[in-house]
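Asker: In this text, residue positions in the sequence shown follow numbering that gives the first Met the number 0: the first is 0, and each later residue adds one. For glycine and all other residues, C-beta sits at the position ideal for the given N, C-alpha and C. Quick caveat: nothing in here was measured; it's all calculated off a predicted structure.
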Amino acid sequence: MRIIALIAAHDEARFIGGCLDHLHEHGVEAVLLDDGSSDDTVAIASQRLGRGLLRLDTRPYDGAYHWRTLLAWKERLASELAADWFLHLDADEIPLPPPGHATLRDAFVAIDAKGYNAAEFEELTFVPTRESPDHDHPDFRRTMLWYYPFSSGPLHLLRAWKRQPQPVDLASTGGHRVGFPGQRVAPEPFRLRHYLFLSREQARQKYERRRFDAWELDQGWHGWRPSLRVDTMPLPAKAELRVARSDDELDASSPRTEHCVVWPKKKSEPPRIVCVVDRPHWAHDRKTDALARALAGSHRLVKRFQAELTADDLERADGVLFYYWLQVQRLPHLRRTLGALRDRVLIGVCSHYELEGDWRAPALATLNELAAGVFVNNRLLQDELAPLLRPPLFYTPNGVDTDLFSPGESAAAPARRLRVGWAGSLGNQGSERRGVHEVIAPAAERVGAELCLAVREEQWRTPIEMAAFYRSLDVYVCASRSEGTPNPCLEASACGLPVVTTAVGNMPELIRDGDNGFLVARDVDEVAARLAQLRDDPALRQRMGRAARAAAEGWSWRRQAQRFVPLFDLLPMDGGLGGALAASSSLAARPD
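1) So does the segment 553 to 565 actually touch the segment 283 to 295, counting three or more Cβ pairs closer than 8 Å?
2) Compute the Euclidean distance between the alpha carbons of E457 and E207, then round it to the nearest angstrom.
3) At the level of alpha carbons, what is the spacing between L387 and V503?
4) Roughly how many angstroms lie between the CA atoms of V273 and V301, to the nearest whole one?
5) Could you tell me the distance, in whole angstroms, from the CA atom of D311 to the CA atom of L509?
6) Please state the DSSP three-state secondary structure of P94.
7) Rounded to whole angstroms, what is the Cα-Cα separation between H193 and Y115?
8) Secondary structure at C494, three-state DSSP: helix, strand or coil?
9) With H, G and I counted as helix, E and B as strand and the rest as coil, what does DSSP make of A295?
10) Judging by CA-CA distance, which residue of P153, G62 and P127 is the nearest neighbour of T142?
11) Using only the alpha-carbon positions, how far apart do K265 and V27 sit?
12) Using C-beta distances below 6 Å, list every residue in its chain close to F321, excluding the 5 sequence neighbours before and after it, in chain order.
13) Does DSSP put C349 in a helix, in a strand, or in coil?
14) What is the rounded straight-line gap between the Cα of D10 and the Cα of V30?
15) Closest to Y394 by CA distance: which of D83, R341 and F563 is it?
16) Thinking just about the alpha-carbon of each residue, which of N376, F211 and F107 is nearest to the one in D61?
17) So what's T57 in DSSP terms, helix, strand or just coil?
18) How should T501 be labelled, buried or exposed, when 16 other C-beta atoms within 10 angstroms of its C-beta is the threshold for buried?
19) Please identify the residue among L227, A371 and R542 whose C-alpha is closest to the C-alpha of D317.
20) Given a cut-off of 9 Å, decide if R480 and R416 are closer than it, judged by their beta-carbon atoms.
21) Would you identify the three-state DSSP class for L363, choosing helix, strand or coil?
22) Reducing DSSP to helix, strand and coil, say where P180 ends up.
23) Counting along the chain, where does the alpha helix (DSSP H) carrying D512 start and finish?
24) Would you say L403 faces chain B, with C-beta separation under 9 Å as the test?
25) Is the segment 420 to 437 touching the segment 355 to 375 in the sense that three or more CB pairs, one from each, lie closer than 8 Å?
26) According to DSSP, simplified to helix, strand and coil, what is G447?
27) Indicate the three-state DSSP secondary structure (helix, strand or coil) for K286 in the structure shown.
28) Just the Cα atoms here: how many angstroms apart are P98 and R190?
29) Tell me the rounded alpha-carbon separation between P270 and G49.
30) Which whole-angstrom value is the C-beta distance of Y139 and L197, which I expect to be below 8 Å?
31) Just list the alpha helix (DSSP H) runs in the segment 167 to 217, keeping only unbroken ones of 4 residues or longer that don't cross its boundaries, in chain order.
32) What's the C-alpha gap between L55 and P166?
33) How many angstroms separate the CA atom of A579 from the CA atom of V229?
34) Just checking, does the segment 209 to 227 make contact with the segment 143 to 150 on the three C-beta pairs under 8 Å criterion?
35) Under 9 Å, do E453 and A422 count as touching if we go by C-beta distance?
36) Please list, in chain order, all residues of the same chain as Q201 whose beta carbon is under 6 Å from its beta carbon, the five residues on each side excluded.
Rendered as structure tokens:
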């Protein structure tokens with residue numbers, strides 16, 4: 000019987016030699032897929048070609064970790080290679096047979112003879128401890144003895160399978176469970192030693208300094224890894240773990256459902272987070288309501304309007320969230336208090352407008368001096384701010400109420416003029432920045448379209464009225480110079496409208512050019528050309544509208560609110576800020 004382990008690796012010199020040697024001793028060959036390693040991974044593995052390592056494939060590294068691509072690579076190899084069984088493995092993992100079998104090969108022969116075609120692994124996660132924090136040396140398997148069993152749910156790691164006549168699926172589950180029809184899973188699980196990290200510095204290299212694939216992050220892959228900050232990462236005490244000096248002592252019973260990097264558990268009462276809102280009925284007021292509904296049960300979000308915020312509000316909260324840094328600047332009487340409570344303050348950046356001109360230097364100073372964490376609502380801001388900030392940076396895009404903002408029952412009558420719409424404030428940040436009079440109005444006039452405006456300064460509309468406004472349109476247009484999202488584009492998409500927009504804020508993330516809308520330059524001719532195309536092709540409008548709605552469903556608040564959870568996990572949950580405030584006050588009063 001031939002068994003091949005498919006291993007993907009990027010900079011795994013610490014682990015790859017021991018992993019390959021172990022597999023060879025257990026009668027398993029390996030194929031290594033090297034993802035552009037810059038350390039000695041390839042050199043160490045090359046020494047084992049013909050001695051357990053069947054093949055070494057490489058690909059150039061583009062600066063990001065694309066797990067989906069690596070899984071697809073493994074899927075393809077599992078269809079091409081001649082083997083009886085395959086095993087999906089990482090370099091920092093040591094697979095073991097079930098008790099009673101001498102080698103992995105013996106175990107696979109046994110389950111194959113009984114007609115099984117898949118095998119599950121129980122994960123035993125080995126980590127450094129507070130008492131013994133550094134095992135970054137070649138003999139780590141002898142010295143790092145403390146572990147905990149881990150499982151996210153049933154069939155946590157279904158990672159071995161008999162060769163199938165059709166391609167198998169690894170990517171859809173992020174590599175946790177192989178998929179193919181007619182599975183017969185062996186009842187006795189194999190075991191897997193997983194070395195999560197060997198020291199704080201190795202965790203920093205492995206997780207904190209890694210750049211993850213943007214699509215995978217959008218899908219919620221990688222869990223805690225993208226937001227891990229090693230300096231504040233807790234190490235478990237030996238007393239919290241189990242110890243095994245040999246494989247015979249491993250115990251997989253009662254597994255934990257979270258890894259040690261997110262211990263300790265939060266207190267039973269949901270953390271109280273004060274969300275500071277600039278003005279009633281505006282975007283951040285509604286955003287707070289949406290977040291509070293979506294996170295009810297896990298977090299208690301309390302709204303305070305900026306003009307009413309007091310020191311008492313800060314002292315009684317587990318965290319304080321400002322949606323944009325200018326809010327802090329407009330509260331000079333609370334700045335010293337906020338400085339004393341820096342570990343509880345979360346500050347956002349909504350758009351590039353807040354970083355322009357004379358605002359840029361104080362903005363960066365405020366974020367670096369006062370924020371425990373910074374959050375942004377689009378990738379453009381994330382890319383710009385990442386190299387400029389000391390606090391951790393989080394991507395928290397806006398969402399939309401897809402139940403309220405939904406398509407109408409019937410399409411607009413084709414006989415009337417094309418109805419083109421825009422919604423928002425002409426006073427906030429200045430009319431010219433929005434481009435309504437400069438770009439949208441002349442473009443609509445050129446193609447004979449009816450321009451319908453919902454201007455906040457002229458009439459305030461409820462969300463229900465705004466949904467009706469969008470449903471009355473054929474196309475929504477945005478010609479802004481800069482935006483955070485913009486929210487009306489999200490709402491219009493959710494209502495089934497094609498969107499013609501400049502590439503501002505989240506629009507390059509939401510709009511697939513030519514599919515659910517058009518990305519255009521801030522130019523009358525280009526906007527008019529796209530409007531004429533949509534005017535003359537009703538079928539195109541309908542297709543784009545359906546695609547826009549489908550895209551918006553992925554931006555529902557039910558989903559987007561979860562992106563705030565890693566941000567909130569930064570907060571120390573010790574029953575409010577009073578203790579930290581008292582401690583900082585006593586230090587401030589102490590003479591030099």
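Answerer: Concretely, from the data shown:
1) Taking 8 Å as the limit for Cβ pairs, the verdict is that the segment 283 to 295 does touch the segment 553 to 565.
2) Spanning the alpha carbons of E457 and E207 requires a straight line of approximately 48 Å.
3) Distance between the alpha carbons of L387 and V503 is about 21 Å.
4) Taking the straight line from one Cα to the other gives about 5 Å.
5) A direct Cα-Cα distance of roughly 40 Å separates D311 from L509.
6) Judged by DSSP in its simplified three-state form, P94 adopts strand.
7) Rounded to whole angstroms, the separation of the alpha carbons of Y115 and H193 is 25 Å.
8) Note: C494 maps to coil in three-state DSSP.
9) Residue state, collapsed to three classes: coil.
10) P127 is the residue among P153, G62 and P127 whose C-alpha sits nearest the C-alpha of T142.
11) In this predicted model, K265 has a pLDDT of only 49, less than 50, meaning its place in the structure is not dependable; the value taken from the coordinates is given anyway. Going by the C-alpha atoms only, they are around 42 Å apart.
12) Same-chain partners within the cutoff: V275, V327 and I346.
13) Coil at C349, not helix or strand.
14) Rounded to whole angstroms, D10 and V30 show a C-alpha spacing of 16 Å.
15) Looking at D83, R341 and F563, the one whose alpha-carbon comes closest to that of Y394 is F563.
16) That would be F211, whose Cα lies nearest to the Cα of D61.
17) In the displayed model, T57 falls within a strand according to three-state DSSP.
18) Buried, by the Cβ-count rule.
19) The alpha carbon of D317 has as its nearest neighbour, out of L227, A371 and R542, the alpha carbon of A371.
20) The answer is no: Cβ separation not under 9 Å.
21) In this structure, L363 counts as helix in the three-state DSSP scheme.
22) P180 falls in the coil class under three-state DSSP.
23) Unbroken run through D512: none, as it is neither H nor E.
24) Absent here is chain B; the protein component of the structure consists of one chain.
25) No, the segment 355 to 375 is not in contact with the segment 420 to 437.
26) Coil.
27) It is helical.
28) Each residue's Cα considered, the two are about 9 Å apart.
29) The straight-line gap from Cα to Cα measures roughly 56 Å.
30) Note that residue 139 is Phe in the sequence shown here, rather than Tyr. That pair is a contact at about 5 Å.
31) Those alpha helix (DSSP H) runs which fall completely within the segment 167 to 217 and span 4+ residues are 199 to 202 and 213 to 217.
32) Roughly 22 Å separates the two Cα atoms.
33) Low confidence applies to A579: its pLDDT is 40, below 50, so where it sits in the model is not reliable enough to give any reading.
34) With the rule of 3 Cβ pairs closer than 8 Å, the segment 209 to 227 does not count as touching the segment 143 to 150.
35) The question names Glu, but residue 453 is Ala in the sequence shown. Yes. Within cutoff.
36) Here the set comprises D135.
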